[in-house]
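**Q** My questions all concern the structure below.
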C-alpha cells in the first residue's frame, strides 16, 4: 500500500499563479488604474459589485473618421449617472475626456466604440456596505460596431415584439444608463424564435418601450413619434429630435402602441451602435411598402453629415506614427 | 525647434502589457478555464456580456464546519437557471460539484461562501448575437460572510422600508438567480439615509418583497408568513419551510403588507449569507417587545443544528496538509 498522504496530495490540482487566457479580444486600448492596456488586460474581479450586483453606470460615445460625435452629451449623462449612484471616479470631466481620447489615439482606430464605465468596486475590508467600496473607473476604445450590418441597413431590419416588459422606472431609473439587460436578452431570444433579427419589448403599460440597445421611432402620414417613458434617453434619439427640429419635421415623444407600430409607414431605430437604422418587418409583416422609407433615409443622411460638423463633433489627435500607418 | 515627431510621441503614455493590480482580495480559490487560481486572478473581461448586459446566472452555497449545506438544492437552481438563459457550461452536475469541492478544499476554508457562475461570455467573432457567445463558467470559495454581524445577530437588525419596487416578474423571472440589483442598492442607500442597516423593497403591488440578498418573514400570534411573489425562492427560505414543517409551526407564503410588517411580533430575514437573522426595528420603530423573538431564536438554533445532519449537509475532503494546518 502506498502512503495515504502522498496518494491524497497527488489527487489535488495545483493552484496556477497566473490565469492562462486563451480568449480572443478585439484590437483596442483600455484604461484602468492609471494604466493604458491592451483589451485582453481590461478585466474586473468577479468580486466587483459592478459584476455581482450590476452596480455600475456607463456611457458609450463613438468616433467616426477620427472625430468624437457629441462627446459632451455622453459626458453629461455619464456624470449624471455617477451622481445618481453616489459614485466617485476620482477624475474630473476634463480628465475623462483626455483618457477617452488617449484610448482612441493609442488604439489607432479612426472609427471606434468608446466606453466609459464606473463600477461600485469592492470594499478593501470586504464589508458588504457599498459606501465602503472603492469605485472603479474604466474606459476603452474598440472598433466601431453596429446593431445592423450593411445588408440590414439596405433592406431594413426584421424585428419581433416580445411580451417581455422593460424594467419599469419604479425599479430602476431608465435615464441612468445601466447594464440591466436580462429583459432585453429575453426579448432577443423571443425574436430569434420568431426568425426575427432583433426585438422590441413593452413598457409597463403595454406600449412599445425600446429594444436591446436602441430607441424606436414610427412615421405615419409624415408625423414621427417615439416612446416618452420607460426608455433610455439615447443620444442618437436626441440627435433625431435635433435634426427634425432643423428640418421642421413633426416629432413628438408620446406612447407608441403595438397598433401604431403595425400601422406605421416607416419605422427606424436609433443607437450609438449604428446610428439611425431602418426596420422593414415587424412580426413577419412588411412595414409600409416594404422598402426603407424616405424620412428614414433623409434623417440617416443628415445624421452622418453631422459627423463632420464642428458643432456636433470634435477631432482626436492621433500619434504621428498612427496617422502615418493609417495613410499607408 | 525640436523634431515634431519626437515631441508628439513623448506626450503619449505607453501601453502596459500586463495590468498592475494593487487591489486586495480575500483569501480563496477560484476555478476558470480548467485552472484553479488565487482570487486575485478571478477576473472577467469588461467585454463579457455577463458584465456588459448582466447576462449571467449564479448560485451561492455555503460551507460550515467543513460541510456543504444543501448543495443539491443550489445545484438544482443553478442548472435550472442555465436552462432558462439557454446557457451551456460544458461540464455536468457531478463535475460542477467536484470543482466546487476542490475550490473549498484548496482554499482550506472550513466555513466558506462558494459561488458558481455562468456568464454569457463573448463571441469569438465579436458578433452582437448572444447565440454566438462562448459561455463562461466560474466558481470560487471565499471566507463565509453574513448580512448581519455578531452584534446585529444578538440585538437584531434595523431595517427601513424603501419605496423602490423590486424588478417585477414580467421583466425578469425572480426564480432565476441574477445580478440585477440596482433596485436593491437604491433601497440600501435609502435605508442608510434613514440610519437603518439594511432595506426592504416593495413588490409591484405595493407589498413587501425582499431585501438585498435576503427573504423576509413576519410572525404574528404564532403564525409565520413570507411573501410569495416577486421574490427569489431562497434556499434558506426553503429551509425555514422545511423546519417549520418538522416542528408543526404554521407558515404560509402570501402577501405581506407594510402594515403586516409593522404589526409583527417578530421579524426575521433569511439568506445563505448568514442564515436566519433577527430584525428588531423597522423604520425606527421597535418590533414586538424589541428583543429577538422566541420563534426566531428556535428556528435559528435548529437551522444551525441541521448543518451537522447528513440529510442536509455533505462533508468535504480536504488535502491532508490543510487539515493539519487547521488543527494546529
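Chains as they are written, first to last, in the working numbering: chain A, 157 to 484; chain B, 157 to 484.
Glycine residues also receive a C-beta, built at the ideal position from the N, C-alpha and C atoms.
#1: Give the interface partners of residue 339 (chain B) over in chain A, defined as CB-CB distance under 7 angstroms, in chain order.
#2: List, in order along the chain, the chain B residues whose C-beta lies closer than 9 angstroms to that of residue 363 (chain A)?
#3: Spell out whether any CB of chain A is found under 7 angstroms from the CB atom of residue 207 (chain B).
#4: Taking residue 255 (chain B) as part of the alpha helix (DSSP H), name the residues at either end of that continuous run.
#5: Excluding the five sequence neighbours on either side, which residues of its own chain have a C-beta within less than 7 angstroms of the C-beta of residue 472 (chain A), listed in chain order?
#6: For residue 354 (chain A), which residues in the same chain have their Cβ closer than 7 angstroms to its Cβ, ignoring the five residues on either side in sequence?
#7: Against residue 441 (chain B), what residues of chain A qualify as contacts under a CB-to-CB distance less than 9 angstroms, listed in chain order?
#8: Thinking C-alpha only, which one of B:254, B:187, B:198 and B:273 is nearest residue 236 (chain B)?
#9: Name, going along the chain, the residues of the segment 165-185 of chain B whose beta-carbon falls closer than 8 angstroms to a beta-carbon of chain A.
#10: Any idea what DSSP makes of residue 282 (chain B), helix, strand or coil?
#11: Using three-state DSSP, classify residue 176 (chain A) as helix, strand or coil.
#12: What residue range does the beta strand (DSSP E) around residue 314 (chain B) cover?
#13: State the CB to CB distance for the pair residue 292 (chain B) and residue 281 (chain B), rounded to an integer number of angstroms; the pair is presumed to be in contact (CB under 8 angstroms).
#14: Taking the continuous alpha helix (DSSP H) assigned at residue 201 (chain B), which residues delimit it?
#15: Against chain A, which members of the segment 191-206 of chain B pass a CB distance test of less than 9 angstroms?
#16: Which residues bound the beta strand (DSSP E) around residue 434 (chain B)?
#17: Rounded to whole angstroms, what is the Cα-Cα separation between residue 189 (chain A) and residue 210 (chain A)?
#18: Where does residue 275 (chain B) fall in DSSP's three states?
#19: So with Cβ pairs under 7 angstroms, would you call residue 260 (chain A) a contact of chain B?
#20: Mind pulling the chain A residues with CB within less than 7 angstroms of residue 244 (chain B)?
#21: Taking the straight line between their C-alpha atoms, what separation do you get for residue 469 (chain B) and residue 413 (chain B)?
#22: From what residue to what residue does the beta strand (DSSP E) around residue 186 (chain B) run?
#23: Is DSSP giving residue 388 (chain B) helix, strand or coil here?
#24: Helix, strand or coil: how does DSSP classify residue 156 (chain B) here?
#25: If I measure Cβ to Cβ from residue 267 (chain A) and keep anything under 8 angstroms in the same chain, skipping five residues before and after, which residues do I get?
#26: By the criterion of Cβ-Cβ separation under 9 angstroms, what are the contact partners of residue 312 (chain A) in chain B?
#27: May I ask you to report which of helix, strand or coil DSSP gives residue 376 (chain B)?
#28: Just the chain A side, please: which residues come within less than 9 angstroms of residue 356 (chain B) by C-beta, in chain order?
#29: What does residue 371 (chain A) pair with, by DSSP beta-bridge criteria?
#30: With distances taken Cα to Cα, identify the nearest neighbour of residue 435 (chain B) among B:311, B:198, B:244 and B:357.
#31: Any beta-carbon of chain B closer than 7 angstroms to the one on residue 282 (chain A)?
#32: Have a look at residue 480 (chain B) and residue 321 (chain A) and give me their C-alpha separation to the nearest angstrom.
#33: Assuming residue 194 (chain A) is part of the beta strand (DSSP E), what are its boundary residues?
#34: Distance check for residue 420 (chain B) and residue 204 (chain B), CA to CA, integer angstroms please.
#35: Could you pull the DSSP bridge partners for residue 223 (chain A) from this structure?
#36: Determine the chain B residues that contact residue 493 (chain A) at a beta-carbon separation under 9 angstroms, and present them in chain order.
**A** From the atom records:
#1: For the purposes of this step, residue 339 (chain B) is taken as residue 183 along the second chain, with counting starting at 1. Contact note: residue 339 (chain B) reaches chain A through 327 and 328, using a C-beta cutoff of 7 angstroms and chain order.
#2: Reading the first chain from its first residue, position 207 is the one you call residue 363 (chain A). The premise fails here: residue 363 (chain A) is roughly 14 angstroms from chain B at the closest Cβ pair, so nothing lies under 9 angstroms.
#3: As a first step, residue 207 (chain B) must be located in the second chain, where it is residue number 51. Yes, contact with chain A.
#4: The residue you call residue 255 (chain B) lines up with position 99 of the second chain. DSSP places residue 255 (chain B) in the uninterrupted alpha helix (DSSP H) bounded by 249-263.
#5: Along the first chain, read from residue 1 onward, the residue named residue 472 (chain A) stands at position 316. Answer for residue 472 (chain A): 219, 222, 223, 224, 257, 260 and 261, listed in chain order.
#6: Translated into the one-based positions of the first chain, residue 354 (chain A) becomes position 198. Here the set comprises 303, 313, 315, 344, 347, 367 and 368.
#7: Reading the second chain from its first residue, position 285 is the one you call residue 441 (chain B). Going along chain A, no residue has its Cβ under 9 angstroms from residue 441 (chain B), so there is no contact; the nearest lies around 23 angstroms.
#8: To locate residue 236 (chain B), count along the second chain from 1; it is residue 80. Nearest C-alpha to residue 236 (chain B): B:273.
#9: So the close ones are 165, 168, 169, 170, 171, 172, 173, 174, 175, 176, 177, 178, 179, 180, 181, 182 and 185.
#10: Sequence index remark: in the second chain, residue 282 (chain B) carries index 126 (1-based). Shown here, residue 282 (chain B) sits in coil according to DSSP, grouped into three states, outside any helix or strand.
#11: Against the first chain, residue 176 (chain A) aligns to sequence position 20. It is coil, neither helix nor strand.
#12: For this step, residue 314 (chain B) is matched to residue 158 along the second chain. 313-321 is the extent of the beta strand (DSSP E) around residue 314 (chain B).
#13: Residue numbering aside, residue 292 (chain B) sits at position 136 when the second chain is read from its first letter. Residue numbering aside, residue 281 (chain B) sits at position 125 when the second chain is read from its first letter. Residue 292 (chain B) to residue 281 (chain B), Cβ: 16 angstroms. No contact.
#14: Taking the first residue of the second chain as 1, we reach residue 201 (chain B) at position 45. For residue 201 (chain B), no alpha helix (DSSP H) segment is defined; the enclosing uninterrupted segment is the beta strand (DSSP E) at 199-201.
#15: Residues passing the 9 angstroms Cβ filter: 191, 192, 193, 194, 195, 196, 197, 198, 199, 200, 201, 202, 203, 204, 205 and 206.
#16: For the purposes of this step, residue 434 (chain B) is taken as the residue at position 278 of the second chain. From DSSP, the beta strand (DSSP E) with residue 434 (chain B) extends over 431-438.
#17: Translated into the one-based positions of the first chain, residue 189 (chain A) becomes position 33. Translated into the one-based positions of the first chain, residue 210 (chain A) becomes position 54. Taking the straight line from one Cα to the other gives about 20 angstroms.
#18: Position 119 of the second chain, counting from 1, holds the residue named residue 275 (chain B). In the structure shown, residue 275 (chain B) sits in a strand (DSSP, three-state: E or B).
#19: Indexing the first chain from 1 puts residue 260 (chain A) at position 104. Residue 260 (chain A) does not count as touching chain B.
#20: Here the question's residue 244 (chain B) lines up with position 88 in the second chain. Contact annotation for residue 244 (chain B) against chain A: no contact, minimum CB-CB distance about 14 angstroms [criterion: below 7 angstroms].
#21: Here residue 469 (chain B) refers to the residue found at position 313 when the second chain is read from its first residue. Here residue 413 (chain B) refers to the residue found at position 257 when the second chain is read from its first residue. If you take the alpha carbons of residue 469 (chain B) and residue 413 (chain B), they lie about 35 angstroms apart.
#22: Counting from one through the second chain, the residue named residue 186 (chain B) turns up at place 30. Start and end: 185-188.
#23: Looking up residue 388 (chain B) in the second chain gives position 232. It is coil, neither helix nor strand.
#24: The question about residue 156 (chain B) has no answer here: the residues shown for chain B are numbered 157 through 484.
#25: Position 111 of the first chain holds residue 267 (chain A). Within the same chain, Cβ atoms closer than 8 angstroms to the Cβ of residue 267 (chain A) are found at 218, 219, 220, 221, 299 and 300, the five residues on either side in sequence being excluded.
#26: Taking the first chain and counting its residues from 1, one reaches residue 312 (chain A) at position 156. Correct list: empty, because the minimum Cβ distance to chain B is about 17 angstroms.
#27: Within the second chain, the letter at position 220 stands for residue 376 (chain B). Residue 376 (chain B) falls in the strand class under three-state DSSP.
#28: On the second chain, position 200 is the one that residue 356 (chain B) refers to. Ordered by position in chain A, no residue passes the 9 angstroms Cβ test against residue 356 (chain B), which lies about 14 angstroms from the chain.
#29: Translated into positions along the first chain, residue 371 (chain A) becomes position 215. Partner(s): A:426.
#30: As a working note, residue 435 (chain B) is residue 279 in the second chain. If we check each option's Cα against that of residue 435 (chain B), B:311 comes out closest.
#31: Walking along the first chain from the start, residue 282 (chain A) turns up at place 126. With 7 angstroms as the cut-off, residue 282 (chain A) counts as an interface residue toward chain B.
#32: Position 324 of the second chain, counted from the start, is the residue given in the question as residue 480 (chain B). Position 165 of the first chain, counted from the start, is the residue given in the question as residue 321 (chain A). Its pLDDT being 43, under 50, residue 480 (chain B) is placed unreliably in this model, and the coordinates cannot settle the point.
#33: Numbered from its first residue, the first chain carries residue 194 (chain A) at position 38. Unbroken beta strand (DSSP E) run through residue 194 (chain A): 191-194.
#34: In the second chain, residue 204 (chain B) corresponds to position 48, counting from 1. In the second chain, residue 420 (chain B) corresponds to position 264, counting from 1. Cα atoms of residue 204 (chain B) and residue 420 (chain B): separation of roughly 44 angstroms, rounded to the nearest angstrom.
#35: Counting from 1 along the first chain, the entry for residue 223 (chain A) is found at position 67. Note: residue 223 (chain A) sits in a beta bridge opposite A:220 and A:471.
#36: Here chain A has residues from 157 to 484 only, and residue 493 (chain A) is not among them.
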